[in-house]
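**Q** Note that my numbering has the sequence shown beginning at 1, numbered continuously upward.
I am attaching a structure below and will ask some questions about it afterwards.
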Amino acid sequence: MLPMNGLREFFNSPAGKATAIGLVVAALILAFWSFRRNFGGGDGATFSRDRTYIDAATGKPFEHTLSVGDVIPLKAPSGGNTGYPAELCYWTKDGKPKTNPTPVLLNDYVHKPGPTFCPDCGRLVRMHNPAPAPGVKPPPTKEEMDKRQQGRQWSDTGDGR
């Protein structure tokens, strides 16, 4: 019981009280920092606001940070309201994943019939286009989709279903 009595005596002294206050303040600062880092509006919020768009008039991608009141289509670098969200294509022509995705303007946004194919690799791109993952096959090319359709009309979903 001697160590417990010694601690009790220490924390009842002015130096012990100052140490206890210092430990509590340090714990609160660490808790606050941990909360902000894990749940704060830092990188996640920035990531969700900073997006790539495509100017439908020029076909060129541009970056835009969303703010309250933005309406699609956005004002694009060409000057008109022709900025649409880009879907990112992560594939190469030979079906391999790539690290720098190609921004693609979906046909649905500009009211073109049929599915959208990446201008770089020729593969199907759809809304919320998934990134490559282990064991996932690349999306089909236009030629592969044409074989699947066998003369049928493309559906209105924009992805050939």
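Note that the Cβ used here is the ideal one computed from N, Cα and C, for glycine as well.
Only a predicted model underlies this, so the values are computations on that prediction, with no experimental measurement involved.
1. Let's test the definition: count the other Cβ atoms within 10 Å of the Cβ of N12 and tell me whether it reaches 16, buried, or not, exposed.
2. What do you reckon, are the CB atoms on L124 and A56 nearer than 8 Å?
3. Going straight from the alpha carbon of Q149 to that of T141, what length do you get?
4. Below 6 Å CB to CB, which residues in the same chain sit around P61 once its five sequence neighbours on both sides are set aside?
5. Cutting at 7 Å between CB atoms, please list the residues of its own chain near Y90, excluding the five before and the five after it.
6. Keeping to the same chain, check which residues put their C-beta closer than 6 Å to that of A20; ignore five residues upstream and five downstream.
7. Among D120, M145, S78, which one has its Cα closest to the Cα of G114?
8. Does the distance from the C-beta atom of T93 to that of G122 stay below 8 Å?
9. Leaving out five residues before and five after E63 in sequence, what residues of the same chain have Cβ atoms less than 7 Å from its Cβ?
10. In whole angstroms, give me the CA-to-CA distance for K112 and L28.
11. In the structure shown, what three-state DSSP assignment does V136 receive?
12. With the cut-off set at 8 Å, would you say T58 and S78 are in Cβ contact?
13. Let me know the beta strand (DSSP E) ranges lying completely inside the segment 82–114, each 3 residues or longer, listed in chain order.
14. Can you say whether N5 is buried or exposed, counting buried as having 16 or more other CB atoms within 10 angstroms of its CB?
15. Once you ignore the five residues that flank T82 on each side, which residues in its own chain have a CB closer than 7 Å to its CB?
16. Please return the same chain residues whose Cβ sits closer than 6 Å to the Cβ of M1, not counting the five positions on each side in sequence.
**A** In brief:
1. exposed
2. no
3. 12 Å
4. T52, I54, A86, P103
5. Taken in chain order, the residues that qualify are P97, K98, P101, A131, P132.
6. F11
7. Cα-wise, what sits closest to G114 is M145.
8. It is worth fixing the name first, because residue 93 is Lys in this sequence and not Thr. Yes, the pair counts as a contact, with Cβ atoms nearer than the cut-off.
9. So the list reads D50, T52, once near-sequence residues are dropped.
10. 57 Å
11. coil
12. yes
13. 83–85, 87–91, 97–104
14. So N5 counts as exposed.
15. Cβ within range, chain order: D55, A56, A57, P73, A76.
16. Note on M1: pLDDT 49, under 50, position unreliable in the model; the coordinate value appears next. For M1, where only same-chain residues beyond five positions count, there are no Cβ hits under 6 Å.
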